[in-house]
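Using my numbering, read the sequence shown as starting at 127 and increasing by one per residue.
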Amino acid sequence: MSTINDMKLKIDQEIGQKHLDGATIRGKIGLKAGFVLAFITADTPDDKVKIEKLRQAIKEVLNIPV
């Protein structure tokens, strides 16, 4: 698995634990990161720029470190 996919799984875990609206949260994170989370799969290659953008978006939306 890729790091970026692990980050996506962490987002899904947080959404489930906090009983949040998944579509809204994923949408907000995707907008801040600049790409759609639905396109991330286990085979998605890691990209340092995308990982950093996603990390920052997660921090801003969910207020958790990743």
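Where is the CB? At the ideal position from N, CA and C, for every residue including glycine.
Opening and closing residue of the alpha helix (DSSP H) in which residue i lies
i, result
"M127", "Neither: M127 is in no alpha helix (DSSP H) and is coded neither H nor E."
"L180", "K174 to L188"
Coil, strand or helix - residue i by DSSP
i, result
"G160", "coil"
"A168", "coil"
"L146", "coil"
C-beta atoms of residue i and residue j nearer than 9 Å
i, j, result
"A164", "M127", "no"
"K154", "V192", "no"
"V187", "K144", "no"
Among the options, the one whose alpha carbon lies nearest that of residue i
i, options, result
"T129", "N189, K174, A183 and T150", "K174"
"G160", "Q182, V192 and A149", "Q182"
"L180", "G148, Q139 and G156", "G156"
"D132", "T170, H145, I151 and T150", "T170"
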